[in-house]
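In what follows, a single structure is set out as structure tokens and then discussed.
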Amino acid sequence: MTYGITFNGKHSWNDFGLRITDREIGFPSKEKIKVKVPFSNVEYDFSELYGSQTYTDRELKYSFKVIEKTGLNVKERINLTKSILANWFMSSHGKQKLYDDAIPGYYFLAEVEGDMSFQENWDTGVLTATFNAYPFMICDHPEGYDIWDEFNFELDISQQVQFVVNGSLQVTLINPGVPDVIPNITTTSAMTILKDGITYNVPAGESQSSDFALHSGENTLNISGNGSISFLFYKELI
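This is how it looks when you write it as structure tokens:
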């Protein structure tokens with residue numbers, strides 16, 4: 001298998017015959033908000049004042065070997081290939097899904113904002129594209145997707161995300177990722193959810209609210225109502 005990336009509807013190897021010569025998967029940084037007390041060594045960290053730590057975008061850098069096999073007009077053709085590839089990377093509208101074959105089961109949300117280079121050597125060249133990406137890689141499958149052949153025993157958690165409520169029910173949902181995630185909730189009737197001392201009203205049908213988030217780790221929910229309820233959310237890792 002020749003590893004490549006899938007981005008903007010095309011695969012680097014399958015569609016262009018590009019072999020990755022170098023890859024750099026950068027890490028996001030924590031956005032720290034610190035205030036030092038004047039005339040002292042005391043420093044306060046307000047980075048999680050509103051509930052969770054925020055992170056900067058991450059950088060993904062890929063270099064590809066470009067080879068022009070034909071001997072006719074090779075100089076023109078290598079530059080034509082260069083233009084085709086530049087348009088492939090730059091024609092996305094905002095951040096798009098980027099799949100790296102070497103990281104199965106996850107994708108990045110990324111965009112080339114302009115940082116590209118091409119080192120030419122007559123009939124060959126190396127094209128380097130730098131992507132600006134969302135801080136976390138996102139799992140392809142939602143939580144509760146327990147297909148045995150695709151289960152990763154080091155990263156995945158087997159858990160129930162669909163429940164039947166008859167009056168009241170206490171459940172625990174685990175967010176195995178790093179950041180808070182906002183689940184999509186589907187219910188057959190209106191219900192209320194008590195979480196961390198706050199009551200949330202959930203309408204019948206499908207809903208999502210930025211006010212209701214699952215923190216990293218265990219989340220205990222006390223659900224009141226009658227009917228079925230399900231939570232759709234995806235793991236996000238650094």
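In this text, residue positions in the sequence shown follow the working numbering: the first is 1, and each later residue adds one. Beta carbons are placed, not taken as given, at the ideal position from N, Cα and C, and that holds for glycine. Quick caveat, the model's predicted, so the values are computed rather than measured.
In the DSSP assignment, M1 falls outside any beta strand (DSSP E), carrying neither H nor E. Scanning the stretch 110 to 159 from its first residue to its last, the whole beta strand (DSSP E) runs of 3-plus residues come out as 124 to 133, 137 to 142.
Per the coordinates, the alpha-carbon of E68 lies some 19 Å from the alpha-carbon of F89.
Closest in alpha carbon position to T187, among A204, D180, P179, is A204.
In this structure N184 is in contact with Q208, their Cβ atoms being roughly 5 Å apart against a cut-off of 8 Å. Short of 7 Å from the beta carbon of E31, and not among the five residues preceding or following it, lie these beta carbons of its own chain, in chain order: S47, T54, Y55, T56. When DSSP states are grouped into helix, strand and coil, F89 belongs to the helix group. The C-beta of K235 has 16 or more other C-beta atoms within 10 Å across all chains shown, which makes the residue buried. Distance from Q159 to I174 at the Cβ level is roughly 6 Å; contact confirmed, criterion being Cβ atoms closer than 8 Å. In this structure, S63 and I20 form a Cβ contact; the two beta carbons are roughly 7 Å apart against a cut-off of 8 Å. Q119 and E76 have their alpha carbons spaced roughly 15 Å apart.
Annotation for K195: the continuous beta strand (DSSP E) segment containing it runs 191 to 195. Rounded to the nearest whole angstrom, the CA to CA distance from S92 to L232 is 27 Å. If you check the CB distance, P176 and I193 do not come in under 7 Å. Rounded to whole angstroms, the Cβ separation of P104 and I238 is 17 Å, and the two are not in contact under 8 Å. For the set V112, L214, M137, the Cα lying nearest the Cα of V171 is the one of L214.
DSSP places Y55 outside any beta strand (DSSP E), giving it a letter other than H or E.
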